[in-house]
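This report refers to the structure that appears directly beneath it.
There are 2 protein chains.
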Amino acid sequence: MAQTPSRALTRECIAAAALRVLEREGLAGLSMRKVAAEVGAQAASLYWHVRNKEEILDLLGDAVIADAELPPRTGDWREEYLEYGRRYRALLLAKRDAAKVVAGRLSTGPRVLAVLEDQLDRLRAAGFTDADAAMASYLLSAYVQGFVLQEQSPLSAAEAAGAGRGQAARAAGDVFRALPAEDYPNLVALADDLVDPDMDTRFEFGLQRIADGLAALLG
Amino acid sequence: MAQTPSRALTRECIAAAALRVLEREGLAGLSMRKVAAEVGAQAASLYWHVRNKEEILDLLGDAVIADAELPPRTGDWREEYLEYGRRYRALLLAKRDAAKVVAGRLSTGPRVLAVLEDQLDRLRAAGFTDADAAMASYLLSAYVQGFVLQEQSPLSAAEAAGAGRGQAARAAGDVFRALPAEDYPNLVALADDLVDPDMDTRFEFGLQRIADGLAALLG
DNA sequence: ACCTGAACACCGTTCAAGT
DNA sequence: ACCTGAACACCGTTCAAGT
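Laid out in structure tokens, this is it:
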């Protein structure tokens, strides 16, 4: 199982191996020993190329963002801003536990810089002040990361235990409906509205509100 | 150090102990053995009261929310919505790593239900449809959790290593300013705007945009 | 310069055994 | 019913030793 010793260990190949382990075992199952085994080495060997596990997670964060693509220029800043949000979400959903990996990690990889540069360019061209453009960009990434983080984690112990998402949602609805109506009239009345909408709908709702709020700045 | 054996172990006292360990050691340092030691028992004893560590984290999530208070009724739904967001952020910032604990955990504790019930009541009274009220409530919690999550995690390896937040931010600004201006004209030009604003300002910006976007629905 | 073996100080969880 | 001791299968990290 050991790699041919002529092929030296590199940070790139450690990152690729870590990505495969992440996909297979999830973030909780990602250990130095498993990453080492994936490249046919001992755990201790990794420490020659990498300071610690945290640095492997940094590499992983960069790898997740690596295939980000810029949305086409339509001339409509609002549509482009929405599209940026949708693509970022899709990118995070594409890799297992990606939102958790990226969560509070600031990457200054070339891909991230290119995306940020392009985003700021479009917002300034649309007429936003420098300060507002910078804040609007930060707002988008905070919203998307927060949203996907909730989306990727099981929404209840039941779902974690293996029940399907739909089943878990129905159970949540039952909780709301079973509440005493005199104490919780709104929860009982809105049980369906709280539980039914799927994640795409929820995401889009927030994204549209944010875009509308930004548009109001251009007044 | 052992507790008097007449005082039995309960889930409540386990939760309180876990909260103290969290405050002292952070989420990464929270172990079954340390929680057990905090109540003067063996780690194995906890498993009589609790299914596993995950369930302790659930208790912790409830405990974090436990002292949530409802904002005063001003008759202005927008101001009340903003205040809800600010208070939720303050609550998460008050306990160490609280955002990470709460992150993808759905709590149905009585405090959470009371808050949700009250929030929905105000939004409906303001004229939002049932569906929009439900979505607006979800949006707020997603935004606040995502924001604080980024806020509570070190924004760079430098800060994790002990440098102050201001110092780390200045270093980030230097990164932007040092980029080649022909490749990254916007990043270079907006370096200050990207780095200078403090977290309160960033949070408020997003909150105001979201409230404005919601207001547009009432049109 | 790069990698390994062995060790250290931890984990979460289980389970027979005690009271 | 409730708690313990001891064990199992893991962790991240260090470090002398090998090549």
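Residue numbers (the UniProt record's numbering), protein chains in the order written: chain Z, 1 to 219; chain Y, 1 to 219. We put the beta carbon where it would ideally sit given N, CA and C, even for glycine.
Within 8 Å, strictly: CB atoms of residue i and residue j
i	j	result
G104(Z)	Q42(Y)	no
A172(Z)	V195(Z)	yes
R20(Y)	F203(Y)	no
A191(Y)	F176(Y)	yes
A114(Z)	W77(Z)	no
L27(Y)	V35(Y)	no
D132(Z)	L217(Z)	yes
R124(Z)	D130(Z)	yes
I14(Y)	G213(Z)	no
V144(Z)	G85(Z)	yes
E117(Y)	N52(Z)	no
F128(Z)	G146(Y)	no
E38(Z)	A17(Z)	yes
L139(Z)	Y81(Z)	no
A68(Z)	L91(Z)	yes
8 Å CB neighbourhood of residue i in its chain, flanking five on each side removed
i	result
S107(Y)	D58, G61, D62, I65
L22(Y)	L30, L60, K95, R96, D97, V101
R11(Y)	H49, V50, L59
L120(Z)	A133, A134, S137
M32(Z)	A43, L46, K53, I56
A215(Z)	R78
D183(Z)	none
E25(Z)	K34
R87(Z)	A68, E69, P71
Extent of the continuous alpha helix (DSSP H) to which residue i belongs
i	result
Q42(Z)	Careful: Q42(Z) lies outside any alpha helix (DSSP H) and carries neither H nor E.
K95(Z)	Unbroken run through K95(Z): none, as it is neither H nor E.
R202(Y)	199-218
R54(Z)	Inspection of the sequence shows that residue 54(Z) is occupied by Glu rather than by Arg. Counting along the chain, the alpha helix (DSSP H) containing E54(Z) begins and ends at 53-65.
V148(Y)	130-152
E12(Y)	11-25
R124(Z)	110-125
V50(Y)	No alpha helix (DSSP H) holds V50(Y); DSSP gives it neither H nor E.
residue 234(Y)	Lying outside 1 to 219, the shown extent of chain Y, residue 234(Y) is not represented and no answer is given.
P185(Z)	185-189
Same chain only: Cβ atoms within 7 Å of residue i, ignoring 5 sequence neighbours per side
i	result
G109(Y)	D62, I65
M1(Y)	The pLDDT assigned to M1(Y) is 36, lower than 50, so where the model puts this residue is not dependable; a value taken from the coordinates is nonetheless given after this. Result list for M1(Y): G40, in chain order.
V112(Y)	I65
T74(Z)	E80
residue 221(Z)	Outside the displayed span of chain Z (1 to 219) sits residue 221(Z), for which this structure offers no information.
M199(Y)	E151
A169(Y)	V195
A99(Z)	L92, Q145, V148, L149, Q152
Beta-carbon contacts of residue i that lie in its chain and below 6 Å, excluding the five residues immediately before and after
i	result
E83(Z)	P71
Q167(Z)	none
P5(Z)	Any reading at P5(Z) must be qualified, since the residue scores a pLDDT of 43, below 50, and its modelled position is unreliable; the value itself is stated next. Answer for P5(Z): no residue qualifies.
To be precise: take each residue of the stretch 136-149 of chain Y, compare its Cβ to all Cβ atoms of chain Z, and keep it if any distance is under 7 Å. Which residues remain? Y138, L139, A142, Y143, Q145, G146, F147, L149
Under 7 Å, CB to CB, which of the residues in the stretch 66-77 of chain Y have a partner in chain Z? none
Residues of the stretch 173-186 of chain Y in Cβ contact with chain Z at a cutoff of 9 Å, in chain order, please. V175, F176, L179, D183, Y184, P185, N186
For the stretch 98-124 of chain Z, enumerate the residues whose C-beta is nearer than 7 Å to any C-beta of chain Y, in chain order. A103, G104, L106, T108, L113, L116, E117, L120, D121, R124
Counting only Cβ-Cβ distances shorter than 7 Å, please list the residues of the UniProt domain "HTH tetR-type" (8-68) of chain Z near chain Y, keeping chain order. none
Could you name the residues of the stretch 80-95 of chain Y whose beta carbon sits closer than 8 Å to any beta carbon of chain Z, in the order they occur along the chain? If the cut-off is 8 Å between Cβ atoms, the stretch 80-95 of chain Y has nothing near chain Z.
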